[in-house]
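K.L.:
Have a look at the structure that comes next, please.
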Amino acid sequence: MSDAMPDSRLRPDAPRAVVIAVPAAQHRHVTALEASGARILAAIGPADLDRLLSGLVAAELIIFDGMHGPPHDAATHAERIVAWASGSACRVIALLDRDSLDDAALPLIDAGATLLCAPSPADYAGAIAEATRPATLRLHDVSSERERERLQRLNEEVARLAAVLSDFAADPVRRDLREPGRGFRAEPGEGSDPAPRLVRSMIRARRMRDQHFHPELFADPAWDMLLDLYAARLEGVRVSVSSLCIAAAVPPTTALRWIGTLHDAGLFEREPDPIDRRRAHIKLTDRAAAAMRSYFAATERQGLIPG
């Protein structure tokens, strides 16, 4: 375990940071944190995690690199870090590889950690910059304000989607307004689930676009994941975090951000694995499933092809 000496060049409000990574990877994280202006409290290997946490009084940031060990170990370390940081103002940035996603991602998502899956340097730098940004800049810096506004718009868009889907399922007046000329007013939640093959065919059609246009033109990870989880619910199939990231058709780190956001919006929830208690899966909440059911029922009544 290595401790950093006080640096007179650090700003007074420099966040105190801890790096948890195998020795070969520690230098990379320490260098990035020092460049951001953070104060390094310690850089340790995962084997020393319990000893560190038992003596750690306060920290504003924990960097956990779980990309260089067994997936089960990454999950165990993630749970201990989350337990220590729970109820505090400490932020957690976790770096995972695809093999450790299914074991370690969900406890971190529940805790509001920033998840990066085999991140690019730009992804990692952005996460570090956001986590170590001085409070004064968060309040006053113009570029910071624009970035916060961008993130706020993203969150508002997800909230809007959740609200629209929820209202569509529960408000027959709004549904009636969307169907001019019809005297029928459906009861809230009315409609039956479509055949799973219909949902899967929609997903296949969406992926076919990628063969003719650049995928980024149609990137819509929230809807792709909603469709995948709805189809899985109809088929009685469990969906892992890694599988859902693939269904999102975007880079894993982007998919993980959306999983966390949709989880916070009340559309996704955890489902424990009945065989392996160390693992968990992701499924639609009942609210989200009801909204999807109403959406498909409405498109069928209108003679539309969902897209």
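Count the sequence shown with numbering that gives the first Met the number 0 and you get residues 0 to 306, in order. Backbone N, C-alpha and C define an ideal beta-carbon position, used for all residues, glycine too.
Relative to the C-alpha of residue 313, which candidate in 217, 68, 28 and 252 has its C-alpha closest?
P.N.:
With the chain covering only 0 through 306, there is no way to say anything about residue 313.
K.L.:
Just to confirm the assignment: which complete alpha helix (DSSP H) runs, minimum length 4, are found wholly within the stretch 207-291?
P.N.:
As far as the stretch 207-291 is concerned, its whole alpha helix (DSSP H) runs of at least 4 residues are 220-234, 240-247 and 251-263.
K.L.:
Any idea what DSSP makes of residue 27, helix, strand or coil?
P.N.:
In the sequence shown, the residue the question calls residue 27 occupies position 28. In this structure, residue 27 counts as helix in the three-state DSSP scheme.
K.L.:
Take residue 202 and list the residues in its own chain whose beta-carbon comes closer than 8 Å to its own, dropping the five residues that flank it on each side.
P.N.:
Counting from 1 along the sequence shown, the entry for residue 202 is found at position 203. Excluding residues within five positions, the ones whose Cβ falls inside 8 Å are 223, 226, 227, 230 and 246.
K.L.:
Is the separation between the beta-carbon of residue 94 and that of residue 64 shorter than 7 Å?
P.N.:
Taking the sequence shown and counting its residues from 1, the one referred to as residue 94 is at position 95. Taking the sequence shown and counting its residues from 1, the one referred to as residue 64 is at position 65. Yes, these two residues count as a Cβ contact at 7 Å.
K.L.:
Taking buried to mean at least 16 other C-beta atoms within 10 Å of its own C-beta, is residue 303 buried or exposed?
P.N.:
Residue 303 sits at position 304 when you count from the first residue of the sequence shown. Flag for residue 303 reads exposed.
K.L.:
Let me make sure I understand the geometry here. Which of 62, 110 and 281 has the alpha-carbon closest to that of residue 28?
P.N.:
As a working note, residue 28 is residue 29 in the sequence shown. Among 62, 110 and 281, the Cα nearest to that of residue 28 belongs to 62.
K.L.:
Rounding to the nearest angstrom, what Cα-Cα distance links residue 130 and residue 37 in this structure?
P.N.:
By 1-based counting over the sequence shown, the position of residue 130 is 131. By 1-based counting over the sequence shown, the position of residue 37 is 38. Answer to the nearest angstrom: the Cα atoms are 10 Å apart.
K.L.:
Would you give the residue range spanned by the alpha helix (DSSP H) that residue 50 belongs to?
P.N.:
In the sequence shown, counting from the first residue as 1, residue 50 sits at position 51. From DSSP, the alpha helix (DSSP H) with residue 50 extends over 48-54.
K.L.:
Would you list the one or two residues that DSSP bridges to residue 116?
P.N.:
The count along the sequence shown starts at 1 and reaches residue 116 at position 117. In DSSP, residue 116 forms a bridge with 95.
K.L.:
Grab the span of the beta strand (DSSP E) containing residue 17 for me, first residue to last.
P.N.:
The residue labelled residue 17 in the question sits at position 18 within the sequence shown. From DSSP, the beta strand (DSSP E) with residue 17 extends over 15-19.
K.L.:
For residue 98 and residue 301, I'd like the C-alpha separation in whole angstroms.
P.N.:
Mapped onto the sequence shown, residue 98 falls at position 99. Mapped onto the sequence shown, residue 301 falls at position 302. The straight-line gap from Cα to Cα measures roughly 43 Å.
K.L.:
Classify residue 193 as buried or exposed, calling it buried when 16 or more other Cβ atoms lie within 10 Å of its own Cβ.
P.N.:
As a working note, residue 193 is residue 194 in the sequence shown. So residue 193 counts as buried.
K.L.:
Is residue 90 helix, strand or coil by DSSP?
P.N.:
Here residue 90 refers to the residue found at position 91 when the sequence shown is read from its first residue. Strand.
K.L.:
Between the Cα of residue 50 and the Cα atoms of 274, 294 and 76, which residue gives the shortest distance?
P.N.:
Position 51 of the sequence shown, counted from the first residue, corresponds to residue 50. Measuring from the Cα of residue 50, the nearest candidate turns out to be 76.
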